[in-house]
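In the UniProt record's numbering, the protein residues as written are 1 to 406.
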C-alpha cells in the first residue's frame, strides 16, 4: 500500500479514497479467484471419492476406465492447488506445473474414455501422449522464460493442443456411444463442452486484449470443465449401474435371453396398441430334457439350454423376440405378417437344433418340439398363448421333434 501511495504521489495524482477502492477491488477479485480454485479442488475430491468407491462392482475395462478417471480428478485437483499457491512461488514453476498437469489430465480423460468402450490403449498412443505432454510443457515454459510479452502466443498454443485432445475424446465418445446409453451421451457432451470451453480464454484475450478478462475466462473455463466432467462421469457410472440392474431384471441368467416377465410385457404392449397386431407366437420345448439331466447331469443340461438359446437368437431378425419361458421351454415372437416366412424361420430353428446338437459326453441328439399360432386381431395375450400351448401339446402327442401350428 505504501509503495503504491508513493508512486501516486510522484505522479501527482494521489487520491487516497480512489486508491483504497482499487486495493479493495483487487483484494476481492483475488479472494473470488481463490474461492473458485478451492471449489474446484473440492469437486475434484468428490470425483476421486466417488470413483474409488464404485470400482469394485465394475467389469475389467470399466475398472480400468474408472482408474483413469480417478487419476484425472486427482491430478486436476493438484493442478488447482498449484494455481492456489502460485503467488508464493516463482511464476515459471506455475507455468511448468500447470501446463504439464492440465495436458496430462486431457489425456487421462481420453484414455478413460477408450477403456470405457472396451478398447486397449495402443503402445503408440502411450508414446504419443508422453511426447506430446513433455514437448508441449517444454515449449510453453521456454517461451515464457526466454521470450517476454508472449501471453497471447502461449494461450493460442494451449488452445490448439487442448482442442486436439478433447476433440479426439469427443469423436471417440460420439462414434461408439450406444443407442440407449444415457451416461455415454453425457460423457460425449462433457467432452464437447471441454473442447468449446478450451477456446474461451483465447477468445477473451483476442477480443479484449486485456489480461483481466483473460483471467476471468480462465476461471470460468475451469469451473465449466470441472462441473461438466464431474456431472458427466457421475452420470456415466450411475446410468451404467441402472442399466446393469435393469438388464438383470429382464434377462435369464443362464442363457442371456429375455425372461418370462419381460416377453409377456412386450407382447401385452403389442396387443394394447391401436395398430393391428401381426406376427407369429411359438413355444419351443426341448424334447426329453429331464432324461438329459438325469443321464448326463445338470451341467450338460445347462449346456443344452445355452446351445438351443444361441440357435434361437441367431435365427431371428431385428424386431423379433425370444425368451426362456421356464425350464426347458422357450417363447418366440416373430414380428412378420408373412406367415410363410415365419414358418420357414421355425423350420430353420428346428433343423439347426437337430443337426448340430451332438454335445460332448452325450450319445443322443437334442431335438425340439414347436407349437405356434399366427396372431389375429381377435387374439388376446391369454388366447394367443393358449393356442400356441395347444399346438405344442399336439406336437408332443405326435411323437415330438416336429412343428405343429394352430
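Using N, Cα and C, we set each Cβ at its ideal position, and we do this for glycine too.
Residue 372 counts as buried, since at least 16 other C-beta atoms from the protein chains shown sit within 10 angstroms of its C-beta. DSSP places residue 248 inside the alpha helix (DSSP H), whose first and last residues are 211–250.
Short of 6 Å from the beta carbon of residue 174, and not among the five residues preceding or following it, lie these beta carbons of its own chain, in chain order: 188. In this structure, residue 250 and residue 258 form a Cβ contact; the two beta carbons are roughly 6 Å apart against a cut-off of 8 Å.
The Cβ atoms of residue 345 and residue 354 lie no closer than 9 Å to each other. Contact check for residue 284 against residue 306 fails: the beta carbons are separated by 9 Å or more.
DSSP places residue 86 within a helical segment (H, G or I) once states are collapsed to three. Residue environment for residue 44: buried (at least 16 other C-beta atoms within 10 angstroms of its C-beta). For residue 370, the enclosing beta strand (DSSP E) covers residues 368–374. Annotation: the continuous alpha helix (DSSP H) that includes residue 130 extends over 123–146.
Annotation for residue 354: the continuous alpha helix (DSSP H) segment containing it runs 339–356.
Between residue 194 and residue 228, the gap from beta carbon to beta carbon is short of 9 Å. Annotation: residue 74 to residue 252 spans about 40 Å, alpha carbon to alpha carbon.
Here residue 138 is exposed. Its C-beta has fewer than 16 other C-beta atoms within 10 Å. Assignment of residue 285 by DSSP, reduced to helix, strand and coil, places it in the strand class.
Your pair residue 96 and residue 150 does not check out as a contact, with CB atoms roughly 16 Å apart and the cut at 8 Å.
Residue 172: not part of any beta strand (DSSP E); member of the alpha helix (DSSP H) spanning 151–176, first to last residue. Assignment of residue 260 by DSSP, reduced to helix, strand and coil, places it in the helix class.
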